[in-house]
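**Q** Attaching a single structure in structure tokens format; questions to follow.
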Amino acid sequence: MYFAASTQVSAQGTPQGSPQMNLQRASLSAGMHLIQVQLAQNFEQRQIGLMWRKEMPQNEGMLFIFEQPSVQCFWMRNTLLPLTAAFVADDGTIVNLVDMKPMSDDSHCSTKPVRFVLEMNLAWFAKRNIQAGFKLTGPMFSK
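Residue numbers -12 to 130, in the working numbering, belong to the letters of the sequence shown in order.
Structure, rendered in structure tokens:
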């Protein structure tokens, strides 16, 4: 979404051009690795995502939750951090992973319909040898 004025404020009270830091949080597990995630659960939260973030702790990320499975595509407009996105099935299985460059409008899509996308710092998954087919656990994933 494009905002003409830099003083505009979103419906959730986040000034345009500043990161959203007060989203609901949850814990996920990737094997022995604990991940703290902010939950982007509605259209506006998902649209802002990790824009304007200058840093993110090593084991933190953002989990985008959609109402129904669909091919999800992400870009990095106004996103300052290099990220890896994991496209995740309802049961927590990683469908595919993509590395994304900061400030790029290149589109990165899931290879199958998914309801969840987990964004972490670039190479977080690779450094832990986590690949497509790996299963994440958390309260939002079905058994």
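Here a beta-carbon is modelled for each residue, glycine too, at the ideal position from N, C-alpha and C.
Note that this is a predicted model, so its numbers are computed, not measured.
If we ignore side chains and look at the alpha-carbon of each, how far apart do G36 and F121 end up?
**A** 24 angstroms
**Q** Comparing alpha-carbon positions, which option in K114, K88 and A72 lies nearest V101?
**A** A72
**Q** Just to confirm the assignment, what range does the beta strand (DSSP E) spanning A119 have?
**A** Premise fails: A119 is in no beta strand (DSSP E) and is neither H nor E.
**Q** State the Cα-Cα distance for the pair Q28 and G125, rounded to the nearest angstrom.
**A** 15 angstroms
**Q** Can you tell me whether P6 is buried or exposed, with buried defined as 16 or more other CB within 10 angstroms of its CB?
**A** buried
**Q** Between V82 and T66, how many whole angstroms is the CB-CB distance? I'm expecting something under 8 angstroms.
**A** Actually they are not in contact, since the Cβ atoms of V82 and T66 sit about 21 angstroms apart, beyond 8 angstroms.
**Q** Who are the Cβ neighbours of K41 in its own chain at under 7 angstroms, not counting the five residues just before and after it?
**A** L67
**Q** May I ask which residues mark the beginning and end of the alpha helix (DSSP H) holding Q55?
**A** Element bounds for Q55: not the alpha helix (DSSP H) but the beta strand (DSSP E), E47 to S57.
**Q** For V85, which option in L123, M127, S14 and A110 has the closest C-alpha, if you only look at C-alpha atoms?
**A** A110
**Q** At the level of alpha carbons, what is the spacing between D93 and E106?
**A** 16 angstroms
**Q** Find out if the Cβ-Cβ distance for the pair Q25, R12 is shorter than 7 angstroms.
**A** yes
**Q** To the nearest angstrom, how far is it from the Cα of A(-2) to the Cα of F30?
**A** Reliability of the predicted coordinates at A(-2) is poor, the pLDDT of 45 falling under 50, and no value is obtained from them.
**Q** Suppose contacts are defined by Cβ-Cβ distances below 7 angstroms. Is P69 in contact with P89 by that definition?
**A** In contact: P69 and P89 (Cβ atoms closer than 7 angstroms).
**Q** Where does A119 land, buried or exposed, given buried means 16+ other C-beta within 10 angstroms?
**A** exposed
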